[in-house]
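See below for the structure under consideration.
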Amino acid sequence: MVSCYRQERFLARTVAAIERALAGREWNGVLELAVLGGEPLPALSERWRVVSAFDPVTGRPGRPLTPGAGRMLGFAACGGDLVLFVDSDVEVDADWMDAAIATAASGPSPAGVFGRIEEWFVDGTREWRNRDDMYATGDRDTDVGYFAALAFYRRDALQAVGGYDTRLHSDEDFELGLRLRARGFVLRSLGRLAARHWSPPRPNVAELGRRWRTGICFGQGEVLRLYAGRRGFGALLWRQRFFLAAIALWSLGAVALAVSLVRQDLRPLAAWAATPLAVIALMAARKRSLRLGTLSLLTWTVQGAGLIVGLVRREDDRPARPAAEVRC
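Numbering-wise, the sequence shown is residues 0 to 327 according to numbering that gives the first Met the number 0.
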């Protein structure tokens with residue numbers, strides 16, 4: 000099951016990799032499109048259905064523009080006791096797929112199977128691997144707290160906890176992991192390459208703009224609001240610690256500015272200014288790049304602002320519509 004929201008650039012790689020990984024097996028594929036009329040779709044075999052809740056008459060998507068809503072729409076359409084969720088910029092490894100299916104078929108089987116994901120960048124004609132292990136799952140089979148970008152779930156496990164939360168613009172994978180583990184389910188990561196994640200070089204300002212426009216930045220605040228006073232809130236706070244620290248940093252900056260204006264003395268503001276400069280210097284040394292060090296603080300700042308928006312903004316909480324087949 001592949002859900003796509005204006006991320007068609009690497010979709011051909013995703014579809015071709017799934018076809019290779021499942022060659023010789025019985026399977027059905029679902030490509031869920033949040034909107035229609037974007038980039039042309041890659042060639043699809045007869046195993047695929049294209050589904051969408053998009054209304055071409057009104058030009059509206061017909062479902063919340065969240066990752067969970069798209070996945071649950073596809074989940075309802077694809078059938079099967081085992082469901083593979085693949086982001087539209089991920090290339091599945093065929094050997095991992097064989098091992099994941101074998102793991103799911105053994106008893107007692109985990110609720111889902113994951114694996115090591117490599118991060119690959121594309122810039123023009125150049126392609127290179129940026130990280131060997133995006134989510135630090137390691138090279139040994141181990142139980143993990145959540146999946147991301149790629150997930151192979153038992154349908155009954157996902158149904159038992161209600162599936163992905165369709166209200167969240169991000170952090171839907173982590174939140175689902177909280178509910179699954181709270182119900183006693185096991186999430187297993189295999190100690191081998193599972194997939195390659197493709198994107199332009201990150202971080203960059205354009206990517207931060209895209210994350211803001213699509214609402215991805217708001218998910219951290221949305222999930223904190225939903226979990227206030229509930230089990231798992233502490234884990235979510237720790238997960239957002241850098242964004243919360245950025246909020247605290249700029250809040251102190253506002254206080255320092257106010258004090259400097261009242262006292263007509265720039266020393267409080269100058270003293271505070273040493274802190275963001277120290278953060279940039281530390282991250283620049285760690286990443287061996289002043290540009291990346293500056294982007295680290297900028298990323299935490301944008302995500303922190305998005306956290307505040309998601310925390311205070313309440314949107315319509317309608318469930319996703321049933322999947323409707325469309326022509327492409």
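Every residue, glycine too, gets a C-beta built ideally from N, C-alpha and C.
Within the segment 150-203, the complete alpha helix (DSSP H) runs of at least 4 residues fall at 154-160, 171-181. The three-state reading of DSSP puts Gly233 in helix, counting H, G and I together. The secondary-structure analysis by DSSP pairs Leu225 with nothing; it has no beta-bridge partner.
Judged by DSSP in its simplified three-state form, Leu64 adopts coil rather than helix or strand.
Nearest to Ile307 by C-alpha distance, out of Arg287, Gln6, Ile215, Pro275, is Ile215. For Arg130, the uninterrupted beta strand (DSSP E) segment begins and ends at 125-130. Cα atoms of Leu291 and Ala22: separation of roughly 41 Å, rounded to the nearest angstrom.
In the structure shown, the three-state DSSP call for Glu18 is helix. For Arg262, the uninterrupted alpha helix (DSSP H) segment begins and ends at 240-262. Beta-bridge partners assigned by DSSP to Cys216: none are found.
In the DSSP assignment, Arg59 forms a beta bridge with Asp54.
Across the structure, Phe120 and Arg130 are spaced so that their CA atoms are roughly 9 Å apart. Inter-residue distance for Ser2 and Arg46 is about 16 Å (C-alpha atoms, whole angstroms). Relative to the Cα of Trp299, the nearest Cα in the group Arg313, Val311, Met282, Arg287 belongs to Met282. Using a C-beta cut-off of 8 Å, the segment 205-220 makes contact with the segment 165-175, since at least three inter-stretch Cβ pairs fall below that distance.
Apart from sequence neighbours up to five positions away, the residues of its chain that approach Leu223 with a beta-carbon distance below 8 Å are Phe232, Leu235, Leu236, Gln239, Leu306, Gly309, Leu310, ordered along the chain. For the segment 258-304, the continuous alpha helix (DSSP H) assignments of 4+ residues that do not extend past its boundaries occur at 266-286, in sequence order.
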